[in-house]
Amino acid sequence: MKNIVILGAGGVMASQITGVIDFFMICNQYWRLRQGGLSEDLFNVVVAAESDQGLIASSQMTLPTVAIDDVERPDAVFIAGGVSYDHDTLRDYFEKLSPVLPHVVRWHEQDIPICTFCSSTFVLAEMGLLDGRQATSVWWLANLFQCCYPNVSLKLDQLVVQDDNIFTAGATTSYLNLCLAVVSLLFDHTLSAQIAKIMLVEPNRASQLSYMTLQTFERHNDSLVNAVQKWMTENLASHISLDELADKFATTKRTLNRRFKKALNDTPVNYLQKVRVEAAKRLLESSDLPIEQIVHEVGYEDTSSFRKLFMDVAELSPKAYRDKFQSGFGIDANSVSSTINAST
């Protein structure tokens, strides 16, 4: 039987613990059924913290724990994250978790798989365990991650990344794909594939790019960049060049590039492309408008070049994106401008 240890601290997101517990419970139930009910469990899962007094999750749910010092040698370790949306909330949770982190270092040195997902990837990065490695993380905090941990090669286009014995996964429910990877590692791919079918998880869901949006929790206080962002959003159908932006806002191209890079870790031109793709996504989700009309509404004339841009950003064609995310009801062409303006 394989020992799975989930580490957490006060303020943890309950589902990051209970979801992993339920996943391995389903593995055990399926295995027992396959063996006629005579087999022992494949996985033993424990939740460990600084003490055995339990954890109060962010939802105020009480989660029972065992003391970290009483934990037997694990076969895999999961670190559950808190509800974090900026540097301060990430730092607060890291400090609460810090008493158990020396054990993570020791287990890592023993080549035990260490698994993180969503905001808990910041924990390993803060510990320095991701330096010089490839990793993925929660997409809406990507800019903060890159600014704080420049020595980590962030692969947001990947849902699960393995680098040696360290596994990282993307946002929120990516733990399902992470758990599948652990089952394949500790047991076999056949069981992993069957559990994926039972739980309706796409085992080959390799990317989180199609889920990414510009509506993130990250904010900045640059008034110039805010003004340019607002103007871009309201004038997507217009021809917009960097020269015209600089003239309109009485600044220089160099200043615009520098301020955008500092505030958004991007250039004005790249950001504008993302805004246009984001507006196109909203129209694909909420309307039956032909792609040619959508391309025109978001400021492009060449449909083929926009398809290529869309693929680069979302890793799906516009048609595939609509098939995946369309809400099931449409809007008419007269509603297009209001949809675009509400998209960012």
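Just so it is clear: in the sequence shown, position 226 is 225 by numbering that gives the first Met the number 0, and no numbers are missing.
Ideal Cβ placement from N, Cα and C applies to all residues, glycine included.
Since the model is a prediction, treat every value here as computed from it, not as a measurement.
Quiz item: Going by DSSP, what residues sit across from V70 in a beta bridge?
Solution: Answer by DSSP bridge pairing: none, since V70 is not bridged.
Quiz prompt | Continuous beta strand (DSSP E) stretch holding W160: start and end | solution = The sequence shown places Val at residue 160, not Trp. V160 -> beta strand (DSSP E) spans 159-162.
Exercise. Determine, using beta carbons only, whether T64 and V46 come nearer to each other than 7 Å.
Key: yes
Practice problem: Measure the alpha-carbon distance for F77 versus V182 and round it to whole angstroms. | Solution: Approximately 13 Å between the Cα atoms of the pair.
Quiz prompt | Three-way DSSP call (helix, strand, coil) for A47 in this model | solution = strand
Practice problem: Give the straight-line distance between the Cα atoms of N176 and C117, rounded to the nearest whole angstrom. | Solution: 12 Å
Quiz item: What residue does the alpha helix (DSSP H) around F22 start on, and which one ends it?
Solution: 13-33
Quiz item: If you count every other CB in all the chains shown that lies within 10 Å of the CB of I165, and 16 or more means buried, which is it?
Solution: buried
Quiz item: For L283 versus R321, is the C-beta distance shorter than 7 Å?
Solution: yes
Quiz item: Among G9, Y148, D91, which one has its Cα closest to the Cα of G127?
Solution: Y148
Quiz item: If we cut at 7 Å on Cβ distances, does Y299 have a partner in chain D?
Solution: Absent from the structure is chain D; it holds one protein chain and no more.
Quiz prompt | Close-in-space but distant-in-sequence residues of the same chain around E125 (CB under 6 Å, 5 per side omitted) | solution = F93
Quiz item: Is the distance from the Cβ of A262 to the Cβ of D221 below 7 Å?
Solution: yes
Practice problem: State the start and end residues of the unbroken alpha helix (DSSP H) segment that holds F248. | Solution: Neither: F248 is in no alpha helix (DSSP H) and is coded neither H nor E.
Quiz item: When the Cα of Q344 is compared with those of T171, T115, L32, A141, which residue comes out closest?
Solution: The requested residue 344 is not part of the displayed model; the chain covers only 0 to 343.
Quiz prompt | Helix, strand or coil at L199 according to DSSP, with G and I counted as helix | solution = coil
Quiz item: Just the Cα atoms here: how many angstroms apart are R90 and Y299?
Solution: Taking the straight line from one Cα to the other gives about 42 Å.
Self-check item: Cβ neighbour criterion (16 or more within 10 Å) applied to R275
Solution: buried
Quiz item: Short check: CB of A134 to CB of T167, under 7 Å?
Solution: Taking 7 Å as the Cβ cut-off, A134 and T167 qualify as a contacting pair.
Exercise. Report yes if the CB atom of L155 is closer than 7 Å to the CB atom of W139, and no otherwise.
Key: Taking the C-beta atoms as reference points, W139 is found no nearer than 7 Å to L155.
Quiz item: When DSSP builds the beta bridges, which residues end up paired with L283?
Solution: Looking at the DSSP assignment, L283 forms no beta bridge with any residue, so it has no partner.
Quiz item: What are the boundary residues of the beta strand (DSSP E) that includes L128?
Solution: No beta strand (DSSP E) holds L128; DSSP gives it neither H nor E.
Quiz prompt | Simplified DSSP state of V76, which is helix, strand or coil | solution = strand
Self-check item: V4 burial status per 10 Å Cβ neighbour count (16 or more: buried)
Solution: buried
Quiz item: Could you give the distance in angstroms between the alpha-carbon of E291 and the alpha-carbon of K229?
Solution: 25 Å
Quiz item: Pick from N43, L315, A319, G80: whose alpha carbon is nearest that of D74?
Solution: N43
Quiz item: In the structure shown, what three-state DSSP assignment does V151 receive?
Solution: coil
Quiz prompt | According to DSSP, residues forming a beta bridge with F166 | solution = C114, Q161
Quiz item: Distance, Cα to Cα, K264 vs H107?
Solution: Note that residue 264 is Asn in the sequence shown here, rather than Lys. When rounded, the separation of the alpha-carbon atoms in N264 and H107 is 32 Å.
Practice problem: Less than 8 Å between the CB atoms is what I'm expecting for P202 and S209, so what's the real figure, rounded? | Solution: With 8 Å as the limit, P202 and S209 do not qualify as a contact, their Cβ atoms being about 17 Å apart.
Exercise. Mark P101 as exposed unless 16 or more other C-beta atoms lie within 10 angstroms of its C-beta, in which case mark it buried.
Key: exposed
Quiz item: How far does the beta strand (DSSP E) with I5 in it reach, from first residue to last?
Solution: 1-6
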